[in-house]
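Engineer: Take a look at the following structure, please.
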Amino acid sequence: MSGDDAAAGEPEADGTGGAGSDAADDDTAGGDAAPDDIDRDELEAAVAENPEAVAAFVDRLDAVNELLDVIALGEGALTDEMAVELAGTASTLAESADGIATDETVRLAASVGENGDELREAMETLVELQRSGTLDELAELGGVGSLAAAALDDEMVRSLAATGSSLGEVADTAASDDTREGLTTLLRGVGTAQRSDPQPVGAVGLARSVRDPEVKHGLGYLLAVAKAIGRERGEAAEE
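For the sequence shown, position 176 (counting from the first letter as 1) is numbered 176 according to full-length UniProt numbering, and the numbering increases by one without interruption.
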């Protein structure tokens, strides 16, 4: 009896264990499926509430996919030679950018920004000169000046230097206070005489005028000028 009871009990144990295992599997399966069902329901609800936003999002996805397809086609169309050429061009542009990015170019850009109006007016003036032909004439004149300078020999240069030195001496003399005051007095006297409407004078009139104090002062001044000129001429002749 004990052996039969044991044999009879074994199936019961096995049946109980199998049922428990199946129940656990069902619970596990149910637990895995529940979040998916919840997420799907929430997604469907969101789509139902915002159909226009979802449609716009899908349109954007289509545009992005088309752009990616175009990029992929472009990459596929590039040959090795084209890739090498593009790489070389990029390297050249980078070197050019490094060469341009100097302190001088930065200062130049700053100066252009600060003087933009003046530069614009200068460019407009140059354009007008170019259109009128004046710019070409100025360029030709500069070329003539260069040719004339090249044609000067040593003797001509010395002569011009001497002339320049003499003109400098004349300018220094004319700039002195005495010379300026004397010329001013002479020029004022000429202007006053011109405004007085002078009349012809004979010998008798000349004799009478000599008695005039102003005429005496004028004659004295002219005699002093004549004497000074004679002295300067004599000194120049001695040199």
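Where a beta carbon is used, it is the ideal one built from N, C-alpha and C, also for glycine.
Only a predicted model underlies this, so the values are computations on that prediction, with no experimental measurement involved.
#1: Three-state secondary structure (DSSP) at Gln-199?
#2: Pick out the complete beta strand (DSSP E) segments inside the segment 158-214, 3 residues or longer, and give them in chain order.
#3: Distance, Cα to Cα, Met-123 vs Ala-110?
#4: Rounded to a whole number of angstroms, what is the C-alpha to C-alpha distance between Asp-136 and Ser-165?
#5: Buried or exposed for Glu-140, going by 16 or more other Cβ atoms inside 10 Å?
#6: May I have the straight-line CA-CA distance separating residue 262 from Ile-71, to the nearest angstrom?
#7: What's the C-alpha gap between Ala-203 and Ala-171?
#8: Once the 5 residues before and after Arg-208 are set aside, which same chain residues still bring their CB inside 8 Å of it?
#9: Using DSSP with H/G/I as helix, E/B as strand and the rest coil, what is Asn-115?
#10: Pull up the distance between the alpha-carbon of Glu-42 and that of Pro-51, whole angstroms please.
#11: Tell me the rounded alpha-carbon separation between Leu-186 and Leu-138.
#12: Just to confirm my understanding: we take Arg-195, look at its own chain, exclude 5 residues before and 5 after, and list those with CB closer than 7 Å. What are they?
#13: Hey, out of Leu-222, Leu-126, Leu-119 and Val-201, whose CA is closest to Gly-189's CA?
#14: Report yes if the C-beta distance between Leu-119 and Val-127 is below 9 Å; otherwise report no.
#15: Whole angstroms are fine: how far does the CA of Glu-214 sit from the CA of Glu-239?
Structural biologist: Result, derived from the coordinates:
#1: coil
#2: none
#3: 18 Å
#4: 34 Å
#5: exposed
#6: The question about residue 262 has no answer here: the residues shown for the chain are numbered 1 through 239.
#7: Rounded to the nearest whole angstrom, the C-alpha separation of Ala-203 and Ala-171 is 41 Å.
#8: none
#9: Coil, per DSSP.
#10: 14 Å
#11: 42 Å
#12: Closer than 7 Å at the Cβ level, and outside the excluded window around Arg-195, lies no residue.
#13: Leu-222
#14: no
#15: 38 Å
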